[in-house]
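Note that the UniProt record's numbering numbers the sequence shown so that position 321 is 321, with each residue one more than the last. Heads up, the beta-carbon is just placed ideally off N, CA and C, and yes, glycines get one too. Report on one structure; see the data block that follows.
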Amino acid sequence: MSPPLLPPVPYHASALRPSWPALPAALRAAVGERLGAPVVNARVAGAGFTRGFAAVLQTADGGRAFVKAAPAAEQPHLVDWYAREAAILDRLPVGLPAPRPRWTLHEAGWFVLCTDAVDGHTPRLPWVAGELDATLAGYAEVAAALADPPAELTALGLPHLADLARSDILWWEEVAAGREPTPPLPPPARGRLPELVALESRLPRYAAGVTGLIHGDLRVDNVLIDADGRAWFCDWTWVCSGPAWFDLAGLLLTAYASGLDADRLFAAHPATAGAPPDALDATLAALAGYYLTGAAAAPPTASPHLPAHQRWSGEQALDWLARRQGWR
1 MSPPLLPPVP YHASALRPSW PALPAALRAA VGERLGAPVV NARVAGAGFT RGFAAVLQTA
61 DGGRAFVKAA PAAEQPHLVD WYAREAAILD RLPVGLPAPR PRWTLHEAGW FVLCTDAVDG
121 HTPRLPWVAG ELDATLAGYA EVAAALADPP AELTALGLPH LADLARSDIL WWEEVAAGRE
181 PTPPLPPPAR GRLPELVALE SRLPRYAAGV TGLIHGDLRV DNVLIDADGR AWFCDWTWVC
241 SGPAWFDLAG LLLTAYASGL DADRLFAAHP ATAGAPPDAL DATLAALAGY YLTGAAAAPP
301 TASPHLPAHQ RWSGEQALDW LARRQGWR
């Protein structure tokens, strides 16, 4: 085991969100009406990298719900994301460790998504053994259920990771062609651009033809551990067709940084059954390119913590890949 390397980002408090009183009065009244009673308390969610409203709301009659909201004029991308997530949540197989949707609402120029509230905390870093075990077991359940997804979910026309990879994830190819600036690379990866291009280019081929669905954005801050120790998975906007081992690799970046044997954890997980021998290497190369180039171009509408998260995540992916490739 290596010494843990903690991220520079407080994942439990990375978001920059408006407060409940800052929302339009007409919107607050409409939300309370849909909930059946006035809202008396709002616990704003600290995790995440957007500026959209997100909070657990408590009503005067003791009810609780989780609500996301965004204004269509100022944050149209968030409105699209929340609407997409609402459609996905409504069609996920029942029983998965994911928040159940209740309703959506258009009011005062805002879009609102309401789900059941999940009582839990973001996993602690370095990973605690019990929380990591619960998260890996929970994702095994998700991966198994989505390996043969219900028809109503696939009918949404969700994207395919292979197509996304060709247009959005072949970042090292863009860098090599001069269409993206070369990001700062840690010493083990310097001079390895040809190898990075070759490795990431395998991802679209490996993902092609996979009919199962994946979460698409599986990170530690999209996980909640409840009072019973069960892991719940949040933020389902980016579901796509692809191999479950792609999700797993992204999740395990923080396990690698925690000094754990991430290679063993990856190989032992049910999601890697049938994966190509170098699936992890191709994914780490692609994730490193995605994160490191993204860190230099984070949108101003995102959390100010986003560039640090992306840079750190990209560096962990490259360090893990360099260790596996013997570049040291």
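For residue i, list the residues DSSP reports as bridge partners.
i      : result
HIS106 : PHE111
VAL128 : Answer by DSSP bridge pairing: none, since VAL128 is not bridged.
PHE53  : ALA69
ASN41  : GLN58
LEU224 : TRP232
Classify residue i as helix, strand or coil using the three-state DSSP reduction.
i           : result
PHE266      : helix
ALA231      : strand
residue 330 : Nothing can be reported for residue 330, as the shown portion of the chain is limited to 1 through 328.
HIS215      : coil
VAL9        : coil
HIS77       : helix
PRO181      : coil
HIS305      : coil
Are the CB atoms of residue j and residue i within a distance shorter than 9 Å?
i           : j      : result
ALA317      : ALA279 : no
ALA302      : ARG84  : no
ALA117      : PRO101 : no
LEU16       : PRO299 : no
LEU170      : CYS240 : no
PHE49       : ALA69  : no
ALA98       : VAL142 : yes
ALA30       : LEU105 : yes
GLU180      : ALA286 : no
TRP172      : VAL197 : yes
residue 394 : ALA60  : This structure does not reach residue 394, given that the chain is present from 1 up to 328, and the question cannot be answered.
LEU113      : ALA162 : no
ILE214      : LEU146 : yes
Alpha carbon to alpha carbon, what distance is there between residue j and residue i?
i           : j      : result
GLN277      : PRO38  : Before going on, a small fix: residue 277 reads as Pro here, not Gln. Rounded to whole angstroms, PRO277 to PRO38 spans 55 Å at the Cα level.
PRO149      : PRO93  : 8 Å
residue 329 : GLY46  : Here the chain has residues from 1 to 328 only, and residue 329 is not among them.
GLU195      : LEU96  : 39 Å
LEU5        : PRO126 : 8 Å
TRP103      : GLY36  : 13 Å
THR115      : GLU174 : 39 Å
VAL56       : CYS234 : 14 Å
ALA295      : HIS12  : 20 Å
Please look up how many angstroms separate the CB atoms of residue i and residue j, rounded, as I've assumed it's under 8 Å.
i      : j      : result
TRP327 : PRO188 : 5 Å
ALA140 : PRO270 : 5 Å
ASP281 : LEU321 : 6 Å
GLY120 : TRP232 : 6 Å
PRO76  : ILE225 : Contact doesn't hold; Cβ gap of about 33 Å is too wide.
Are any of the Cβ atoms in chain C nearer than 9 Å to that of residue i?
i      : result
HIS269 : In the structure shown, chain C cannot be found, because there is only a single protein chain.
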